[in-house]
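Residue numbers (UniProt numbering), protein chains in the order written: chain A, 1 to 499; chain B, 1 to 361.
Beta carbons are placed, not taken as given, at the ideal position from N, Cα and C, and that holds for glycine.
Fair warning: this is a prediction, and the values are worked out from it, not measured in the lab.
In what follows, a structure is listed as structure tokens, so that the remarks can point back to it.
In structure tokens:
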């Protein structure tokens, strides 16, 4: 099944004449940058999931909110689909363009509008980079907590669209826990404020609904985030294990001891070796697994917790436990983990990063399943794991130049996600569904649940012009996908017509 | 660990059937749990649908920090089960009566004194089961910490007061109880307290509750024994019984006495707002971000002041007892339009708690 938009499976899209759309938009928005020549469109053909590429009909680069409003109103009246894009770092193809659609690029909105240390908030435009917020808040002893690995490049508008996470989620939450208010513009061009600087707002929690909605319900034009005081201190322990199951159990033991670490990460042998080759973080390359446990907070408590965790790790059978002596060594320990993806990238011409979540107790079972899939396909898999919150990032190594390997990697990836669903987990913890996992949505949700998602979409975007084909599959697609995955001779979705 | 207990009862199918019936007959339903928060919202006319029989902790794994519990389960029962494992609900929800249920906690979305530091009810919701207007019980979210597949219907249910469906089960993130705690009272004027709280808010202090009441700043410290002891030493003040926070949360302080017939308002405001000049008396919770106001001032006066400060105001006194006819702050026109659209999509015949939040929903 081709991953690119398929009108038969994803629904018919309006077929507009490019020259006509270009003429209408140029007339309505004479001062807005509107790209239309193939060579200008080319840089926008993909986001962070570069395996999938589509040339958009047009690329709009507005720099005022009035332009965004007019653009959306015009597209709405013409019936032209709109795909919104921030920094384009997303890993699930959420900003993959459409041939018949306008790509709305929000990267010119990069101003920090207000930073109020007394109220502990920052009000920023959607194109502001995640890390730039923490940098601006640093002089006041404050920071913005969610820290996706792409934080030097990804923008806050995209973070809201994807409900981005990071390595500190278990303790500090995802984007949804750290955003107070967003300004959005609907596909009909209406401006709306969701949430507020207060801790709650009257009515439905539309702020939560919009967070992680992947640009399907509206366009985020301003974001107010909560800033937190920087922890007084942070210390990192690194524990080696000769068995990955023991490492997995140690994670549960730390939580059972009543400790919520700031970060708790696991890497398997292949990932350790790749990271060590790349950044020389001082990782034990002979270990089957390592755990990185960061404890942060008030100095005296952190020292107590370090002692407790050390005891837990010893009891869990760690073969070696090291504590970073200073901030430089702590940064080195983390550098290996934060660079795990590019490190694995050096070992193989291509890699495919997955993002499933599972209940932690299922880790040994799921790791065995991944190992079996790896062996069966002949594609090596390195495992990097936000162990504290059960978010796995298996990295499937392949060579796109070898015929059939990309398809094989996609197939293995899909099976890993289905394994996560079977274990009671989810197909995506933080990267989003986008276009990439559109088929696996059918494994996680029943047709009735998908129907409710479509109802929510219809409440905000009746004509499905915002990012069509992403996030929520059609029932037709699920019927087709299900037909390829017949379990126990039972055909899923028997009531639907087959294409 | 799967918990079985006397009061473990799955009534989902019966509830679904009641909803299917209501859907066929287009009869509105008034969804009720322990009925402890009936005052919170507009009056609903409809046939009573009780979730009380659908109860029990379905799954609790302390090591995963996740509990899944049916809507009719008494909140006290859930809190006792968590307490036995050294854990708690981070949002510290008010009960307003022994009969309070988990479903009511989600439907109203009300959180206690720990909210600014730990998060609100919605922040701890990971998944839910909801009966749709067609009488189908569907599952959204899940029993994992991170899950961004599909729209976040589970959080949308929090505070929706049953107007979008019947909540039957919820999966919640729970937290370990802090190792040490100490509460204290510092005599100081209001503005000095608000200034101090703003300053402390930028420091990593182990504060988990802060209220200004009766001429004094009341603080709760929680965390590791070392940091609590050090902060206690640093701040001084008089010892305060920890029960103060329960009395504040449950509105049992003298301020909330029913002898006072002036309407009770809740003002939800940004962090740094000084005293609002509204006639009446005020208690400051959430370091000033949640204020309880006893006032005869008009609803418009109170709401205008709250909105100008960047927040909103809710009337806790029912209309029948002299409160405002619209308990919740009216929505901006565009926001109201999308509320109506959403309601029309998820409850086309208006059978779920019609009018509980706003007349049009």
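Q: Identify the contact partners of residue 323/B in chain A, using a Cβ-Cβ distance below 7 angstroms as the criterion.
A: The residue you call residue 323/B lines up with position 323 of the second chain. Correct list: empty, because the minimum Cβ distance to chain A is about 15 angstroms.
Q) Which of the three DSSP states, helix, strand or coil, is assigned to residue 220/B? A) For this step, residue 220/B is matched to residue 220 along the second chain. Of the three classes helix, strand and coil, the one that applies to residue 220/B here is strand, per DSSP.
(Q) Taking 8 angstroms as the cut-off, does the segment 134-147 of chain B touch the segment 184-203 of chain B (at least 3 CB pairs, one atom from each stretch)? (A) no
Q.
Can you tell me whether residue 186/A sits near the ligand COA, meaning its C-beta is under 7 angstroms from at least one heavy atom of the ligand?
A. By its list of ligands, the structure shown contains no ligand whatsoever, and the ligand COA lies outside what it can speak to.
Q.
Bridge partners for residue 193/A per DSSP, in chain order?
A. Translated into positions along the first chain, residue 193/A becomes position 193. Looking at the DSSP assignment, residue 193/A forms a beta bridge with 183/A.
Q) Should residue 185/A and residue 69/A be called a contact, given that it needs their Cβ atoms to be closer than 8 angstroms? A) Here the question's residue 185/A lines up with position 185 in the first chain. Here the question's residue 69/A lines up with position 69 in the first chain. Against a cut-off of 8 angstroms, the Cβ pair of residue 69/A and residue 185/A comes out as a contact.
Q | residue 30/B, enclosing beta strand (DSSP E) - first and last residue | A | Here residue 30/B refers to the residue found at position 30 of the second chain. Taken as a continuous stretch (DSSP letters only), the beta strand (DSSP E) holding residue 30/B covers 29-32.
Q | Same chain, Cβ closer than 8 angstroms to residue 18/A, five either side skipped, listed in chain order | A | Within the first chain, the letter at position 18 stands for residue 18/A. The residues are 36, 57 and 58.
Q: Give me the Cα-Cα distance between residue 11/A and residue 343/A, rounded to the nearest whole angstrom.
A: For the purposes of this step, residue 11/A is identified with residue 11 of the first chain, where counting begins at 1. For the purposes of this step, residue 343/A is identified with residue 343 of the first chain, where counting begins at 1. Looking at the two C-alpha atoms, the distance is approximately 40 angstroms.
(Q) Below 8 angstroms on the Cβ atoms is my contact criterion, and I expect residue 231/B with residue 114/B to pass it. Report the Cβ-Cβ distance as a whole number of Å. (A) The count along the second chain starts at 1 and reaches residue 231/B at position 231. The count along the second chain starts at 1 and reaches residue 114/B at position 114. So it is not a contact: roughly 16 angstroms between Cβ atoms.
Q.
Less than 7 angstroms between C-beta atoms, sequence neighbours within five positions excluded: which residues of the same chain meet that for residue 76/A?
A. Against the first chain, residue 76/A aligns to sequence position 76. The residues are 187, 188, 189 and 465.
Q | Cross-chain neighbours of residue 361/A in chain B, by beta carbon under 8 angstroms | A | Counted from its first residue, the first chain places residue 361/A at position 361. In chain order: 61, 63 and 64.
Q.
Just verifying my parser: in three-state terms, what is the DSSP assignment at residue 345/B?
A. The count along the second chain starts at 1 and reaches residue 345/B at position 345. Residue 345/B falls in the helix class under three-state DSSP.
Q | Classification of residue 355/A by the beta-carbon crowding that lies within 10 angstroms, buried from 16 upward | A | Within the first chain, residue 355/A is the residue found at index 355, counting from 1. Buried is the call here.
Q: Could you tell me whether the Cβ atoms of residue 311/B and residue 263/B are closer together than 8 angstroms?
A: Residue mapping note: residue 311/B aligns to position 311 of the second chain, counting from 1. Residue mapping note: residue 263/B aligns to position 263 of the second chain, counting from 1. It is not a contact, given that the beta carbons lie outside the stated cut-off.
Q | Residue environment, residue 407/A, which counts as buried when at least 16 other CB atoms sit within 10 Å | A | Locating residue 407/A in the first chain gives position 407, where the first residue counts as 1. It counts as exposed.
Q | alpha helix (DSSP H) segments (min. 4 residues) lying fully within the segment 223-279 of chain A | A | 244-256 and 269-279
Q: Would you tell me roughly how many angstroms separate the C-alpha atoms of residue 330/A and residue 162/B, rounded to the nearest one?
A: Indexing the first chain from 1 puts residue 330/A at position 330. Indexing the second chain from 1 puts residue 162/B at position 162. Roughly 48 angstroms between the two C-alpha positions.
Q: Kindly list the residues whose CB is nearer than 6 angstroms to the CB of residue 53/A, restricted to its own chain and excluding five residues on each side of it in sequence; keep chain order.
A: The residue given as residue 53/A occupies position 53 in the first chain. Around residue 53/A: 45 and 46.
(Q) As a quick exercise: from 445/A, 272/A, 333/A and 151/A, pick the residue whose alpha carbon is nearest that of residue 477/A. (A) Translated into the one-based positions of the first chain, residue 477/A becomes position 477. Checking every option, the nearest Cα to that of residue 477/A belongs to 445/A.
Q. Hey, does residue 177/A have any beta-carbon neighbour from chain B nearer than 8 angstroms?
A. For the purposes of this step, residue 177/A is taken as the residue at position 177 of the first chain. Chain B, which has a Cβ nearer than 8 angstroms to the Cβ of residue 177/A, makes this yes.
Q.
If we require 3 or more residues per run, which beta strand (DSSP E) segments fall completely within the segment 60-110 of chain B?
A. 66-70
Q | Bridge-paired residues (DSSP) for residue 54/A | A | Walking along the first chain from the start, residue 54/A turns up at place 54. Beta-bridge pairing links residue 54/A to no other residue.
**Q.** Where the segment 226-241 of chain A meets chain B: residues whose CB sits under 8 angstroms from a CB there
**A.** 229, 230, 231 and 232
Q: Give the residues from the segment 199-219 of chain B that approach chain A closer than 7 angstroms (Cβ to any Cβ), ordered along the chain.
A: 201, 202, 203, 204 and 206
(Q) What does DSSP give as the partner residue(s) for residue 33/A in the beta ladder? (A) Translated into positions along the first chain, residue 33/A becomes position 33. Answer by DSSP bridge pairing, in chain order: 61/A.
(Q) Using a Cβ-Cβ cutoff of 9 angstroms, what residues of the segment 279-299 of chain B are near chain A? List them in chain order. (A) 286, 289 and 290
Q | residue 244/A versus 130/A, 142/A and 367/A, residue with shortest Cα-Cα distance | A | Here the question's residue 244/A lines up with position 244 in the first chain. The residue with the shortest Cα to Cα distance from residue 244/A is 367/A.
Q. Skipping 5 residues on each side, what residues in its chain have a beta carbon closer than 8 angstroms to that of residue 408/B?
A. Past the edges of chain B, shown from 1 to 361, lies residue 408/B, and the structure says nothing about it.
**Q.** the segment 247-258 of chain A in contact with the segment 227-237 of chain A per 3-pair CB rule at 8 angstroms
**A.** no
Q.
What does DSSP give as the partner residue(s) for residue 84/A in the beta ladder?
A. Here the question's residue 84/A lines up with position 84 in the first chain. Paired residue(s): 104/A.
Q: Enumerate in chain order the residues of its own chain whose CB-to-CB distance from residue 198/B is below 6 angstroms, with the five nearest sequence positions on each side excluded.
A: On the second chain, position 198 is the one that residue 198/B refers to. Once the five neighbours on either side are set aside, the close Cβ partners of residue 198/B are 272.
Q. Can you give the Cα-Cα distance for residue 206/A and residue 361/B, rounded to whole angstroms?
A. As a working mapping, residue 206/A is identified with position 206 in the first chain. As a working mapping, residue 361/B is identified with position 361 in the second chain. Answer to the nearest angstrom: the Cα atoms are 15 angstroms apart.
Q | Under 9 angstroms by beta carbon: chain B residues contacting residue 191/A | A | Residue 191/A sits at position 191 when you count from the first residue of the first chain. Neighbours of residue 191/A on chain B, chain order: 334.
Q) In chain order, what residues of the same chain have a beta carbon less than 6 angstroms from the beta carbon of residue 85/B, not counting five sequence neighbours either side? A) As a working note, residue 85/B is residue 85 in the second chain. The answer, listed in chain order, is 62.
Q | C-beta contact flag for residue 467/A and residue 215/A at 8 angstroms | A | For the purposes of this step, residue 467/A is taken as the residue at position 467 of the first chain. For the purposes of this step, residue 215/A is taken as the residue at position 215 of the first chain. Result yes, Cβ atoms of residue 467/A and residue 215/A sit closer than 8 angstroms.
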